[in-house]
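The structure appears below as structure tokens.
Written out as structure tokens, the structure is:
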């Protein structure tokens, strides 16, 4: 059983670019909610997308020009709530409270319960709702604008054509209020004024969380707050520029898979042709892709194609890799994963791909002691929601920031790794069941030295942080090829297969693993033991153990296999079974309101 990768082909010689006079950081992402609206374009239409120049002064103007709309099925029976955004503050709960009719209805109900003259009538109405079935828990589905699907083969991506939005079901505000309040009422027990008001307050908070934590809303907020993070930390001007390209994850995958002739892709036009043909643009220096990749073999195909395009443009692509899969030693991964990712790491062009993990915190959860809102007493974070109730940034955003800061320091003679950390980062103080405050790290995983070295063995770039310290560090700028990330500062000139010089991949076992093995490959990381967590208290030692960008390349792999139709030599049944296991639904939050989300439990265990 073997997976034959298909990285496509390029026949055009790379266009010559002039001297580097400014650093142009491109950010790819679903900025206008294209996936939510069912929009998908590839090829020439994608190549026609124009870069949108952005800085700290025009952030809201750019967002307003996007005419961003979002349809969220958060009301009962799939009822749609329509939201529009004209500025970054439109993602704030106070703005949502003012815009959504359901909050107006809940606030009016609370006012009637607080008024002695109207209490009896309002109480009778509310008590009549008691025993309503609770609304389904928030979805944990992978958002299509951000996550590259893990249940598709390469040719499945090629057939994507977009989708028509589901017929809108108008949300009944009255039914929504009845359901959300009634599910909190215990018949015969909640009758006093203070009890009923408290139940309405619970309903207010639950409704706000259902909006804030919907995957499409979270993705869109994280996308725009990541841009805000960059423009507030990077001083743009004549020698520094940030540009946005509005491209969803579905569009990226569909365009790369549509043809084996990579010059025909829209991404080739955007990255390799348009920038150098337009004197007002100039070549791109680096791309931050606000997307999430996993160890699925077709993802290796997509990244191999993207690597060849980026090599032609001499422009690296930075994105995210799922952190959980990296907890498994590479030798224990499914044979198809080892085949696909070993071939990708052996490709010289993989020097232009940098994948990072884990994500880092973008903002504090809203709450009285963290970031209070004005509209009502709201605590966004709950033990039940755990890490899923926090807003996380794609780790490539940090890598892009550090590249820009390195250029600001060294100019065209940029020294990779001269800036490796960011300070003044948000971190959260978690209050445990005993009332003790526990400072959490700025990242969603607290990796010990052993765990960070394990992640780095996949040729990815680990992010490390310490609990209670407002700092995040990038452990290395190593690319998937096992060498320092390539770019104008260190281009790849030798495209022979041995040039990448990655670490040899362990040999595949003679027999395929049991059917359960693919699921195990994506299992959550085990909590680090207490002594391992203590290793992370010395960040300099940790970074030293992971190596620096100047490290000597490791022994070369055998030559990468020639491109072949994806899955040509692999049993499609085995591949489909693997992809199905990788795309298993995320574990929903625990039903018990007093229970703790498993990921939060694991993080807390790593702190002890």
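Numbering (the working numbering), first residue to last: 433 to 1040.
Even for Gly, the Cβ is constructed at its ideal location relative to N, Cα and C.
| field | From 690, 512, 517, residue whose alpha carbon lies closest to that of residue 495 | value | 517
| Going by Cα to Cα distance, which pick from 590, 732, 561, 585 is closest to residue 607? | 561
| request: Output the distance between the C-alpha atoms of residue 1040 and residue 1029, rounded to the nearest integer angstrom. | output: 17 Å
| query | Which two residues bound the contiguous alpha helix (DSSP H) that contains residue 551? | reply | 548-559
| Residue from 548, 544, 722 whose Cα sits closest to the Cα of residue 827 | 722
| task | Going by DSSP, name the residue or residues bridged to residue 721. | result | 460
| request: Pull up the distance between the alpha-carbon of residue 913 and that of residue 850, whole angstroms please. | output: 21 Å
| What are the boundary residues of the beta strand (DSSP E) that includes residue 863? | 861-863
| said: Taking 7 Å as the cut-off, is the beta-carbon of residue 527 closer than that to any non-hydrogen atom of the ligand ADP? | reply: Although the ligand ADP was asked about, the structure shown includes no ligands whatsoever.
| Validate contact between the segment 760-773 and the segment 454-474 using beta carbons, cut 8 Å, 3 pairs | no
| said: Measuring only the C-alpha atoms, how far is residue 488 from residue 829? | reply: 16 Å
| residue 514 (DSSP reduced to helix, strand or coil) | strand
| query | Grouping DSSP H, G and I as helix and E and B as strand, with all else coil, what is residue 639? | reply | helix
| request: Have a look at 633, 757, 859 and flag the residue whose alpha-carbon is nearest the alpha-carbon of residue 381. | output: No information on residue 381 is available, as it lies outside the stretch 433 to 1040 that the chain covers here.
| message | With the cut-off set at 8 Å, would you say residue 867 and residue 694 are in Cβ contact? | response | no
| Which residue's Cα is closest to the Cα of residue 702: 692, 759, 678? | 678
| query | Taking the DSSP output, what are the residues bridged to residue 503? | reply | 514
| task | Go through the segment 892-918 residue by residue and report every complete run of the beta strand (DSSP E) that reaches 3 residues or more, in order. | result | 893-897, 903-906
| query | What is the DSSP secondary structure of residue 671, reduced to helix, strand or coil? | reply | coil
| Expressed to the nearest angstrom, what Euclidean distance is found between the alpha-carbon atoms of residue 530 and residue 821? | 22 Å
| field | CA nearest to the CA of residue 871, picked from 704, 1032, 789, 476 | value | 1032
| message | So for residue 437, helix, strand or coil by DSSP? | response | coil
| task | Using the DSSP secondary-structure output, state which residues sit across from residue 789 in a beta bridge. | result | 894
| query | Tell me which same chain residues have a C-beta within less than 6 Å of the C-beta of residue 942, skipping the five on either side of it? | reply | Residue placement at residue 942 is flagged as unreliable, the pLDDT there being 35, under the threshold of 50; a coordinate-derived value is accordingly withheld.
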